[in-house]
Amino acid sequence: MTETGIGARVHRKEDKRFLTGTGRYVDDLPLARATYAYFLRSPHAHAKIKKIDTTAAKAMPGVVEIFTGKDTADAKMGGLICGWVVKDKNGEPHKAPAHPVMALDTVRYVGDTVAMVVANSVDEAKDAAEAIKVDYEVKPANVDLARALDKGTPEVHPEAPGNLIYDWEIGVKADVDAAFAKAAHVTKLDLVNNRLIPNAMEPRAAAAEYDKGTGNYTLWSTSQNPHVLRLILSAFVLGIPEHKLRVVAPDVGGGFGSKIFCYNEETMVCWAASRVGRPIKWTAERAESFMTDAHGRDHVTHAELAMDKDGKFLALKVETIANMGAYLSTFSTAVPTYLYATLLAGQYTTPLIYANVKAAVTHTAPVDAYRGAGRPEATFVIETIVSKAAAELKMDTAELRRKNFIPKEAFPYQTPVALQYDSGNYPPIIDEAMKIADYKGFEARRAEAKKRGKLRGIGFSSYIEACGLAPSQVIGQLGGGVGQWESAQIKFNPTGNVQVITGSHSHGQGHETTFAQLVSDKLGVPIENIEVVHGDTSTTTFGMGTYGSRSLAVGGSAIMKATDKIIAKGKKVAAHLMEADVADVEFDNGTFKVAGTDKNVPLAQVVFAAYVPHNYPLAEVEPGMDENAFYDPANFVYPAGTQICEVEIDPDTGVVEVVAHTAVDDFGNIINPMIVEGQVHGGIVQGVGQALHEAAVYDKDTGQLLSGSYMDYRMPRAEDVPSFKLGYKVTPCPHNPLGVKGCGEAGAIAAPAAVMNAVHDALAPLGVKHVEMPATPLNVWQSIQGAQRAAAE
Amino acid sequence: MTLSVAMTVNGKAVSGKVEARTLLVQFLRENLGMTGTHVGCDTSQCGACVVDVDGKSIKSCTMLAVQAEGTKVTTIEGLAPSADKLHPMQEAFRENHALQCGFCTPGMVMSAIDMVKRHNYKLDEATVRHELEGNLCRCTGYHNIVKAILAAAPAMKAAGV
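So the sequence lines, in the order shown, correspond to chains A and B.
Per my numbering, the first sequence starts with residue 1, numbered consecutively.
Per my numbering, the second sequence starts with residue 1001, numbered consecutively.
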């Protein structure tokens, strides 16, 4: 291992600009003669728009233009799309209600876009928005997910009768029912997977410019996948040809899924730039982020686990209602199906699984992928029911897991829910986690806490994740509308430094460092001579972007493929320079050598010869040293791990404190452990946030968002968590050239169940059976009171 | 109503025309083009906009530009002593991987420096976590931020900053 190569803790190349205030986010862009957009939003969850009067607003100081749904309809603008077709259990494609970019005659959630004001300043745009008169006819709203599919609940769209988008299933129900009939023990669980608001610290933003001379548009957007955004805008919404639209996602301040999707505002900013004739900038206020960023999770689930007398899992049955919100966001339909139900085997040999998922529309913000996307929900179901089963069977919770783990010899392992796990070895992971967490010493810690009046509990969560979405053909068969490869280009300059151009996008993950490490390691180029370029459709061939922990497994593999091509071409040039046979040329650490001799030529010299081909095999080899590669994976990658959480609860106040948290993961080979640890830390805290603090709450009658600011939506703070203890076990991925899996979502996938199992363990002596997330002080205190009342009766 | 405002930012005298309602952060970002200071919320909770005003740590989204008349302001852009040397707090953030997307980072660094000084360069983990109450980070889980601040405290003392 070199100091900057694969496996090294290389400090990040991107840090200097972020630490000195010289990062460049969308809102930071200086655009000459810019105008500023502000969106007037619906204050109602459900209403008919009878009339919009912009007369007074248009006369306000600084106002340049005001657009409403009528303008978009007159321009024949397409609607926003959902890019994944999920087939109902009857084989019918899901219901696809229209998703207008600006509300036409109906608003369907608080925050729906009603008018766009463009003015010389943000303040003037806001002032004018206040002067727009909208005559609404308020209608009853459908807000409560548990009742969304009930008869008589107000309908969100005429295209989706009864609010049902699809009724989907996986597995054979009759086989599962038969297994349940023979079970020695059945554990049952009802749970709500709480709705979350992603809250990347940089609010969504867009800026656009239209060049009248060339007819070219440039859209700067806080996007995790600029090419996909361009494709959607070009092919479905705006009709601007792809080659006339450049989309740039510069520095982006976190995404967590919420910046994957194509949104109304960036669409309008881009479209309006040519009509206004000046650049337009828009940045969401945090209140708008709360109202309109795609939310995450939001399931109501009933699950049952059948076991034999020894605790061996026989079958699992899961019924879920998943909230889609008011409109189907870009990948919303796939999240509670192919990213959720297919994960319900977890780390276990459960031979039979049946899941039924009903997706419902409601008068709330759209719901789509948020860190983990479906997989945290699956892990929460499995790991909660397994811990509950252990408690019911009076078995050690780790022992029950171990008894049911897929054994190492069984890989590749075909689950009953479509996925084939490629590799893994779960028992050593849980052993290591228990060692780090000092599981043996737990009862002593519990006793000590009790003396202080605290209830201490311990919780496990053994997760599996399928990430690095792949292969394209399988995604296509499942209804996905895009390919799932990634591209890479390695472009040497004549002086020997190199640009690595990737279709992945970094919004905090540190690709500029990790990807540079790959190239430095493989080609022997000093890391300071490598620049990773990303996020601009005009510089990258094409890219699928970054989500689902895919960047290294898919994007990194594409880079490796491109380095192979560089080496192959370099060998031909080197053979010519050394007057040797190509078959005898070897490449090692930046130097081409003739095997068995001391003849050698450094890569930099080969590169120079390729650009100044005076002594060069021009008849056989093209000049230049610039190679492109596309990599389409053979399978998903399957990171797995175990987290163990310890909490202390004050029974008088209901306050839950996370006092220790351990995570042991198998991410395959690790390129930069420092960056990987950072990903795990951040993921855990998002999971702790879901378990203990965060909840998107709508008023059930009016559909008003009650958790619409940082005063009401409880973000995890530094004091809410301890420092974490991490460990690794490695089973390399067998089907990608780096042997890597993904690490971006693991923390958030496993943590909620670990925390809640610890909460349940702590409260069990008081007779508390179930606490819903988030386990806020009020929620916990009420659960304790309820259990005490029940005991007294 | 347009008003004139003048102050010293990172050692340089600056002035400009603002509206009465213009916030200090807007003045820095829009009038001066100093976009290192960020806006992450509208309720003064996220802390991405923290700057130093006359030796006090201030959320610049909570102060009007005209209130900063005549003050000395230090922003994230004014910390590094030279182009190739970072402030010990910036260095500690880099060493400890205390930033990912970088958006909360300017406010975090500014708050952390103020925290170290207020505690006379002596901090423990519990104090750091408590003191970070006004700064939100969604990426790092705070683990490495806490580590960085604990490492920076003695480094700042040694460097006399």
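Just so it is clear, CB atoms sit at the ideal spot from N, CA and C, and this is done for glycine as well.
For A1006 (chain B), DSSP records a beta bridge to B:S1015. Look at H507 (chain A): its C-beta is under 9 Å from a C-beta on chain B. In terms of Cβ geometry, A179 (chain A) and P412 (chain A) do not form a close pair [threshold 9 Å].
Uninterrupted beta strand (DSSP E) stretches at least 3 residues long and entirely within the segment 474–561 of chain A occur at 486–492, 498–502, 530–533, given in chain order.
Taking all protein chains shown into account, R1021 (chain B) has fewer than 16 neighbouring C-beta atoms within 10 Å of its C-beta and is therefore exposed.
The three-state reading of DSSP puts F331 (chain A) in coil, since its state is none of H, G, I, E or B. Under the 10 Å beta carbon count, T384 (chain A) is surrounded by 16 or more other beta carbons and is classified as buried. Against chain A, the CB of H1143 (chain B) has a partner CB under 9 Å away; the residue lies at that interface. A straight line joining the alpha-carbon of V417 (chain A) with that of A634 (chain A) spans about 18 Å. Sequence-distant Cβ neighbours of K1059 (chain B) in its own chain, meaning closer than 7 Å and more than five residues away, are S1044, G1047, C1049, V1050.
Short of 7 Å from the beta carbon of A604 (chain A), and not among the five residues preceding or following it, lie these beta carbons of its own chain, in chain order: G496. Per DSSP, H227 (chain A) is one residue of the alpha helix (DSSP H) stretching across 226–232.
Its chain contains C467, G742, G744, E745 as the residues whose beta carbon lies nearer than 6 Å to that of S549 (chain A), once the 5 sequence neighbours on both sides are disregarded; these appear in chain order. Chain A has a Cβ within less than 9 Å of the Cβ of H1038 (chain B). With fewer than 16 other Cβ atoms inside 10 Å of its own Cβ, L706 (chain A) counts as exposed. Counting only the Cα atoms, A249 (chain A) lies some 26 Å from G325 (chain A).
Only those residues of the segment 715–730 of chain A whose C-beta falls short of 7 Å from the nearest C-beta of chain B are listed: M715, R717, A718, E719, V721, S723, F724. If you check each beta-carbon in the segment 9–22 of chain A against every beta-carbon of chain B, the ones closer than 8 Å belong to H11, R12, E14, D15, K16, R17, F18, L19, T20, G21, T22. Distance from the CA of Y713 (chain A) to the CA of E1133 (chain B), rounded to the nearest whole angstrom, comes to 15 Å.
With a threshold of 9 Å between beta carbons, F1093 (chain B) makes contact with chain A.
Residue state for N193 (chain A) is assigned as strand, using DSSP reduced to three classes. With fewer than 16 other CB atoms across the displayed protein chains lying within 10 angstroms of its CB, D74 (chain A) is exposed.
Counted as a single uninterrupted DSSP element, the beta strand (DSSP E) harbouring N323 (chain A) occupies residues 313–325.
Listed along chain B, the residues sitting closer than 7 Å to G678 (chain A) by beta-carbon distance are H1097, Q1100, T1140, N1144.
Rounded to the nearest angstrom, the Cβ distance from Y38 (chain A) to V122 (chain A) is 6 Å, consistent with a contact under 8 Å. C1041 (chain B) belongs to the set of residues whose beta carbon lies under 9 Å from a beta carbon in chain A. Contact between A359 (chain A) and A334 (chain A) fails: their C-beta atoms lie close to 10 Å from each other, not under 8 Å.
Put simply, the CB of D123 (chain A) is near chain B, with a gap under 9 Å to one of its CB atoms.
Apart from the 5 residues on each side of it in sequence, M201 (chain A) sits with its Cβ closer than 7 Å to the Cβ of G253, G254 in its chain, given in chain order. Taking the Cβ atoms as the reference, L1024 (chain B) lies roughly 4 Å from M1063 (chain B), within the contact range of under 8 Å. With 16 or more other Cβ atoms from the protein chains shown falling within 10 Å of its own Cβ, M116 (chain A) counts as buried. Within the segment 412–470 of chain A, the complete beta strand (DSSP E) runs of at least 3 residues fall at 455–464.
With a beta-carbon spacing of about 4 Å, E1077 (chain B) and G21 (chain A) fall inside the 8 Å limit used to define contacts. Closest by C-alpha distance to G346 (chain A), out of A:A315, A:N163, A:H302, is A:A315. Contact between E648 (chain A) and V664 (chain A) is absent: CB atoms are separated by about 22 Å, not below the 8 Å threshold. At a cut-off of 9 Å between C-beta atoms, I684 (chain A) counts as an interface residue with respect to chain B.
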